[in-house]
Structures are given as C-alpha cells and as structure tokens.
Amino acid sequence: MEKRMGLCLRGHGIRQMRTGWADGPEYITQCPIRPGGSYTYRFTIRGQEGTLWWHAHSSWLRATVYGALIIRPREGTPYPFPKPHRETPILLGEWWNRDPISVVRQATRTGAAPNVSDAYTINGQPGDLYNCSRQDTVVVPISTGERHLLRVINAALNQELFFAVANHKFTVVGADASYLKPFTTNVIMLGPGQTTDVLITGDQSPGRYYMAARPYQSAQNAPFDNTTTTAILQYTSAACPTKGSANAPPPAFPSLPAFNDTATVTAFARNFRSLHRPPVPTEIDENLFFTVGLGLNSCPPNFSAAQCQAPNGTRFTASMNNVSFVFPSNWSLLQAHKYGIPGVFTTDFPANPPVQFDYTGNVSRALWQPVAATKLYKLKYGSRVQVVLQGTSIFAAENHPFHLHGYDFFIIAEGFGNFNPKTDSAKFNLVDPPMRNTVGVPVNGWAVIRFVADNPGVWIMHCHLDVHITWGLAMAFLVEDGVGELEMLEAPPADLPVC
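Have a look at this one:
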C-alpha cells in the first residue's frame with residue numbers, strides 16, 4: 054500500500070516576522086502535518102497590503118491546494134488608486150489528468166523530466182477551449198463604466214503565463230502585496246508565485262470577452278503544455294446566450310504574445326516602479342553571487358538504464374553555486390537550528406561560484422554535475438544583503454522565477470548575458486525599485502536583489518518552478534537572532550508537527 058503523504062501549507066509572501074514556524078515549507082520550517090493531524094498557523098500581518106496567496110508546500114500537492122490571500126487597507130484608509138467598484142481574484146492554475154504526485158514520483162524514479170500538464174485553469178476551470186469543460190467556463194461580471202480590480206495570481210506548478218482580456222487594457226497598480234506606480238499594458242506575465250493587481254474599465258460595447266492565459270516558454274526545445282485556458286468577462290447589460298445555443302456569437306479573443314516572446318516579458322518587467330520611495334539599502338554588508346540553473350548527473354553505478362532516462366543516460370538535476378539542495382527528512386532546518394541538532398545541515402554554502410566560467414556561453418560538460426548537499430548561508434541580524442542571481446546555459450537556459458521566504462526584496466536591476474559589476478552597477482535603480490517576493494531571472498541573464506536581514510530564522514530561496522526545486526534548485530539563509538526579544542525567533546508552538 055502506498056504511504057499517505059503529509060501536508061504543509063504556507064502563506065506565500067507573508068513576511069512572518071519572528072514567526073518562521075508558520076512559514077510552511079516541508080522540512081525547512083516544519084515537518085509535514087500527518088494524515089489526520091492538524092496544525093494552526095499563527096502570524097501577524099505587518100506593513101503589507103494587496104494580493105498574496107496560500108498553497109501547499111509538500112512535493113507537488115500545490116497543484117490543487119491553493120487559494121487567494123487578500124490584505125486590504127486598514128479601515129478608513131483608501132487604496133492609492135481610484136476605488137474599484139468590484140474586485141475579483143483570478144487564480145491561474147495547472148492541471149494533470151493524473152495524480153500530480155504520481156507524475157513527480159515517476160520522474161524521480163526515471164531521472165527524466167516529468168510529463169507536462171494537460172491543461173491550465175482560471176479559478177479552477179480550464180475553459181471552453183478544452184472539450185471536456187465547455188459548459189463550465191468561469192464568467193466574471195462587469196458593468197458599463199465600472200472600474201474592476203482583478204487580483205491575478207499565478208498558482209501554476211511549472212509554467213510562467215501570459216494573461217490578457219480581449220479589447221481591454223490593464224492598469225497595473227500592484228504586485229506581490231506592494232503598490233506600484235501605475236502603468237498601462239495589454240498583457241501581463243506572471244511566473245509561478247507572482248501576483249499582479251490590475252484595473253480594467255467597462256469601456257467596451259456590452260458583450261462577452263475572453264480572458265485568456267497561455268505559456269511563456271523561455272527554454273528552447275523543452276516540452277511544455279502549449280494549451281490556452283479561458284474565462285469570460287461578461288457585461289451585465291449584455292444578453293446571456295442560451296445554454297448550448299449554436300447561434301451565439303463567440304466572445305472576442307485577446308491577442309497573446311508568442312510562446313517565446315522574451316522581448317514582451319522584458320518590456321513588461323522594466324515598467325515596474327515602487328509607488329512610494331522605499332528604503333533601499335545603499336551600503337552592503339554581504340555581496341553574494343549565485344549561479345542558478347539545470348544540470349545532469351551521471352548515472353550512478355548501482356542504477357539501471359530505466360533510472361537514467363535524461364539525455365545520454367543521465368539524471369536531471371539543478372543547482373545554485375554548484376550545490377544541489379537536499380531536503381532533510383528527520384528534522385526541519387529551523388528545528389535543527391533552534392535546538393542545535395548536529396548533522397542536519399552545514400553553513401558553508403558558497404558566497405560565489407566555486408569556479409568562474411562563461412555562465413551564459415558554451416559551458417564545459419565538466420561543470421554540468423553539481424554536489425548534492427544541505428548547505429545554508431549564515432547572515433548576521435541586520436545585515437544589508439545584495440544577491441546577484443546569474444542564470445546559466447548549463448543544459449538549457451531558462452527564465453527562473455526565484456522566491457525568497459520571509460522577506461520582500463528590491464529588484465534593483467536585470468539584464469542579459471553575464472553580470473559585470475564594473476558596468477552593470479550603473480544600471481542599479483536605488484530610487485524606486487519594485488519590492489517583490491519573487492523575481493524572474495531572465496533567460497540567459499541575471500537579476501540583482503537587495504534586502505535587510507531583519508527576520509531571524511531559516512528561509513529557503515528557490516525556483517518556483519516546482520520541477521526545478523524537486524531537482525535541487527534552492528538554498529537557504531540562516532538569519533541569526535539580534536539583540537533583545539523583538540529581534541529573536543519566537544519559541545516553537547506546542548502543536549508543531551513532529552517528523
């Protein structure tokens with residue numbers, strides 16, 4: 054009989070100040086909640102407004118266990134944009150016709166890439182471009198002249214997604230529970246984990262208009278689910294078509310970018326500016342450089358060919374600074390840190406790549422196989438940290454949506470090629486950079502983020518393409534306690550799950 058899985062949940066993007074026990078990732082801040090068990094997540098929202106979400110953080114359970122988490126302004130405090138007449142969460146998801154846990158387990162057994170999904174969804178429904186769900190398409194109402202706030206969340210497991218509404222423009226006003234200087238666009242792109250708040254106006258002829266999402270696929274020659282999910286924006290004054298009527302005109306369809314349209318993604322990202330002048334760290338205590346990307350492990354001597362089905366008889370892997378992250382199994386990292394349990398992790402994660410090379414060029418095959426380990430990087434409380442996330446072309450260059458738990462950070466620059474500190478530092482935006490919790494590291498490029506390590510605990514940084522974290526594309530920071538109770542990790546709750 055197959056073992057029943059435990060479950061971990063997390064509020065994605067919640068800062069969890071001193072409450073790391075409520076962060077949720079499996080074997081990082083807690084052990085899984087066992088079948089039949091329970092655990093109460095207790096935390097306080099501080100200084101965040103906007104759209105976040107919650108999801109499972111155990112294996113691939115996130116595929117179907119997620120929802121919106123909306124933080125509204127304090128009572129009596131207005132939005133920093135015209136008040137919408139209506140609000141609708143739009144959750145973009147990904148669907149397999151099989152149990153997604155069996156999909157990832159098959160990939161783990163074979164060492165190959167997992168099967169791609171069979172559909173995408175909007176608020177749980179694939180939409181009427183899929184024959185199986187033609188009668189169950191989500192309908193979002195809008196009235197003529199009204200302002201409608203769409204809180205768009207990419208909850209997909211492994212795919213970045215374009216999103217657009219036919220004949221309607223978006224005014225982007227927020228992302229990852231942080232307000233932005235408004236800008237207008239016809240299409241948005243979200244990596245898994247990211248949220249974007251947009252205003253649309255009911256300024257078109259009363260009728261029905263498709264909302265649609267389809268993939269942004271930056272990796273060349275990689276298989277992906279190339280289908281399109283839809284919902285319908287329907288004006289309340291428009292006549293409703295008779296169910297099943299063959300004469301009803303189809304909704305207007307939006308123009309979506311090509312699957313590999315990196316230029317549109319880049320132009321969209323460059324529009325992001327914080328609405329309020331943020332306190333960006335200008336002096337740096339920790340200057341870190343992390344390479345991120347895929348790799349291939351040689352087939353172990355005791356493995357059969359059936360277990361090494363990646364290219365040329367290998368097994369897929371992924372790494373940061375040549376370290377492929379290994380999750381512990383007997384203790385969570387936070388428990389091991391709090392109680393001083395030896396043998397669970399080390400604190401020698403490298404601050405720079407062990408070997409410098411042409412990261413986005415023709416990489417020697419000798420650099421394709423990383424070291425598997427559970428290594429953390431230790432930060433003193435209050436450290437001002439800069440991290441350069443450098444994409445690599447090892448096996449396949451790709452846009453990687455990187456998420457840091459426990460923190461918001463400033464994205465001060467992005468670019469293509471190899472990061473050059475002498476010339477690229479001139480591109481740093483220290484005036485109004487966007488504050489996010491997930492950054493898309495451009496395909497064959499880099500991103501620079503900054504934050505202040507003012508939240509003690511153990512915080513994982515990982516690619517939010519779940520297939521990549523399965524392969525080890527992650528690391529974790531250990532942020533030490535500061536001085537006094539308000540700068541220290543709280544004691545673990547009594548109902549913390551045991552391993």
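So the sequence shown is numbered by our numbering: it starts at 54 and just counts up by one.
We put the CB at the ideal spot given by N, CA and C, even for glycine.
Next item on the list: Give the range of the beta strand (DSSP E) segment to which K136 is assigned.
Entry: For the purposes of this step, residue 136 is taken as the residue at position 83 of the sequence shown. First-last for K136: undefined, no H or E at that position.
Checklist line | Reference A219; option with closest CA among R323, M373, F342, P303 | finding: Position 166 of the sequence shown, counted from the start, is the residue given in the question as residue 219. Residue P303 is the option with its Cα nearest to A219.
Check: In terms of residue numbering, what span does the beta strand (DSSP E) encompassing P153 cover?
Finding: Position 100 of the sequence shown, counting from 1, holds the residue named residue 153. Element bounds for P153: not the beta strand (DSSP E) but the alpha helix (DSSP H), 153 to 163.
Note to self: Let me check understanding here. Comparing Cα to Cα, which of R437, Q273, G498, M514 lies closest to T491?
What the structure shows: Position 438 of the sequence shown, counted from the start, is the residue given in the question as residue 491. Distances from the CA of T491 to each of R437, Q273, G498, M514 were compared; the closest alpha carbon is that of M514.
Item checked: Beta-carbon proximity list for T282, same chain, < 6 Å, skipping 5 on both sides -> By 1-based counting over the sequence shown, the position of residue 282 is 229. Contacts found: Y173, T174, I175, P179, G180, A266.
Note to self: Does K491 come out as helix, strand or coil in the three-state DSSP assignment?
What the structure shows: Here residue 491 is taken as the residue at index 438 of the sequence shown, counted from 1. According to the sequence shown, residue 491 is Thr rather than Lys. DSSP places T491 in strand when its eight states are reduced to three.
Item checked: Span of the beta strand (DSSP E), counted from its first residue to its last, around L233 -> For the purposes of this step, residue 233 is taken as residue 180 along the sequence shown, with counting starting at 1. Here the beta strand (DSSP E) through L233 covers 231 to 238.
Next item on the list: Would you mind sorting E128 into buried or exposed? The rule is 16 or more other CB atoms within 10 Å of its CB.
Entry: Within the sequence shown, numbered from 1, the residue matching residue 128 stands at position 75. The residue in question, E128, is exposed, as its Cβ has fewer than 16 Cβ neighbours within 10 Å.
Next item on the list: Kindly give me the distance between the Cβ atoms of L531 and L432, rounded to whole angstroms, as I take these residues to be in contact under 8 Å.
Entry: Against the sequence shown, residue 531 aligns to sequence position 478. Against the sequence shown, residue 432 aligns to sequence position 379. L531 to L432, Cβ: 7 Å. Contact.
Checklist line | Beta-carbon contacts of E533 that lie in its chain and below 8 Å, excluding the five residues immediately before and after | finding: As a first step, residue 533 is located in the sequence shown; it is residue number 480 there, counting from the start. Contacts found: K431, L432, K433, Y434, P509.
Note to self: DSSP three-state label for G64, please.
What the structure shows: Counting from 1 along the sequence shown, the entry for residue 64 is found at position 11. G64 falls in the strand class under three-state DSSP.
Next item on the list: Quick one: grab the DSSP three-state call for S353.
Entry: To locate residue 353, count along the sequence shown from 1; it is residue 300. Just to set this straight, residue 353 is Pro in the shown sequence, not Ser. P353 falls in the coil class under three-state DSSP.
Notebook entry, point to check: What did DSSP end up calling T427 once you bin it into helix, strand or coil?
Noted result: Start at 1 with the first residue of the sequence shown, and residue 427 comes out as number 374. Residue state for T427 is assigned as coil, using DSSP reduced to three classes.
Checklist line | S417 versus P395, N207, I447, residue with shortest Cα-Cα distance | finding: For the purposes of this step, residue 417 is taken as residue 364 along the sequence shown, with counting starting at 1. Residue I447 is the option with its Cα nearest to S417.
Notebook entry, point to check: Okay, do the stretch 404 to 413 and the stretch 301 to 319 touch, 3+ Cβ pairs below 8 Å being the bar?
Noted result: Too few Cβ pairs lie closer than 8 Å, so no.
Next item on the list: Rounded to whole angstroms, what's the CA-CA distance from W499 to Q439? Just pull it up for me.
Entry: Residue mapping note: residue 499 aligns to position 446 of the sequence shown, counting from 1. Residue mapping note: residue 439 aligns to position 386 of the sequence shown, counting from 1. If you take the alpha carbons of W499 and Q439, they lie about 13 Å apart.
Item checked: Bridge-paired residues (DSSP) for N207 -> Taking the first residue of the sequence shown as 1, we reach residue 207 at position 154. Within the DSSP bridge table, the entry for N207 names L145 as partners.
Next item on the list: Look up A404 in the DSSP assignment and say whether it is helix, strand or coil.
Entry: Residue numbering aside, residue 404 sits at position 351 when the sequence shown is read from its first letter. If DSSP states are grouped into helix, strand and coil, A404 belongs with coil.
Next item on the list: Please list, in chain order, all residues of the same chain as A419 whose beta carbon is under 6 Å from its beta carbon, the five residues on each side excluded.
Entry: If you number the sequence shown from 1, residue 419 lands on position 366. Within the same chain, A419 has no close Cβ partners at all.
Notebook entry, point to check: Helix or strand or just coil, what does DSSP make of N365?
Noted result: Your numbering for residue 365 matches position 312 in the sequence shown. Three-state DSSP puts N365 in coil, outside helix and strand.
Notebook entry, point to check: Taking Q443 as the reference, which of P474, G459, G246 has the closest Cα?
Noted result: For the purposes of this step, residue 443 is taken as residue 390 along the sequence shown, with counting starting at 1. Q443 has its Cα closest to that of P474, out of P474, G459, G246.
Next item on the list: Have a look at R63 and N375 and give me their C-alpha separation to the nearest angstrom.
Entry: Residue mapping note: residue 63 aligns to position 10 of the sequence shown, counting from 1. Residue mapping note: residue 375 aligns to position 322 of the sequence shown, counting from 1. One C-alpha to the other measures close to 28 Å.
Notebook entry, point to check: Would you call G100 buried or exposed, if buried means 16 or more other Cβ atoms sit within 10 Å of its Cβ?
Noted result: For the purposes of this step, residue 100 is taken as the residue at position 47 of the sequence shown. Looking at its Cβ environment, which holds fewer than 16 other Cβ atoms inside 10 Å, G100 is exposed.
Next item on the list: Take E140 and list the residues in its own chain whose beta-carbon comes closer than 7 Å to its own, dropping the five residues that flank it on each side.
Entry: Taking the sequence shown and counting its residues from 1, the one referred to as residue 140 is at position 87. Taken in chain order, the residues that qualify are L202, R204.
Next item on the list: Please classify I81: is it buried, with 16 or more other beta-carbons within 10 angstroms of its beta-carbon, or exposed?
Entry: As a working note, residue 81 is residue 28 in the sequence shown. Buried.
Check: Can you tell which of Y460, G493, N497 has its C-alpha closest to the C-alpha of N471?
Finding: To locate residue 471, count along the sequence shown from 1; it is residue 418. Here the closest residue by C-alpha is N497.
Next item on the list: Give the single residue among I67, T249, A166 whose Cα lies nearest to the Cα of A322.
Entry: The sequence position of residue 322 within the sequence shown is 269, counting from 1. With distances taken between CA atoms, A322 lies nearest to T249 out of I67, T249, A166.
Next item on the list: Flag this pair as yes or no: are the beta carbons of G73 and L457 separated by less than 8 Å?
Entry: On the sequence shown, position 20 is the one that residue 73 refers to. On the sequence shown, position 404 is the one that residue 457 refers to. No, the pair does not count as a contact, with Cβ atoms beyond the cut-off.
Next item on the list: Ignore the nearest five residues each way along the sequence and tell me which others in P545's own chain have a CB closer than 6 Å to its CB.
Entry: On the sequence shown, residue 545 is found 492 positions in, with the first residue counted as 1. The answer, listed in chain order, is W74.
Check: Buried or exposed: A116, going by 16 or more other Cβ atoms within 10 Å of its Cβ?
Finding: The residue you call residue 116 lines up with position 63 of the sequence shown. Buried, since its Cβ has 16 or more Cβ neighbours within 10 Å.
Notebook entry, point to check: Taking the beta strand (DSSP E) that I175 falls in, what are its first and last residues?
Noted result: Here residue 175 is taken as the residue at index 122 of the sequence shown, counted from 1. Here the beta strand (DSSP E) through I175 covers 172 to 175.
Margin query: According to DSSP, R267 sits in a beta bridge with which residue or residues?
Written below: Residue 267 sits at position 214 when you count from the first residue of the sequence shown. Paired residues: F215.
Next item on the list: Would you identify the three-state DSSP class for V318, choosing helix, strand or coil?
Entry: Translated into positions along the sequence shown, residue 318 becomes position 265. Reduced to three states, the DSSP call for V318 is helix.
Checklist line | Straight-line gap, A292 to T523 (C-alpha atoms, nearest Å) | finding: To locate residue 292, count along the sequence shown from 1; it is residue 239. To locate residue 523, count along the sequence shown from 1; it is residue 470. C-alpha separation (whole angstroms): 48 Å.
Next item on the list: Drop a sphere of 10 angstroms on the beta-carbon of A389, count the other beta-carbons inside from all chains shown, and report buried for 16 or more, exposed for fewer.
Entry: Residue 389 sits at position 336 when you count from the first residue of the sequence shown. With 16 or more other Cβ atoms within 10 Å, it is buried.
Checklist line | Bridge partner(s) assigned by DSSP for A500 | finding: Counted from its first residue, the sequence shown places residue 500 at position 447. For A500, which the question treats as bridged, DSSP gives the partners L442, E467.
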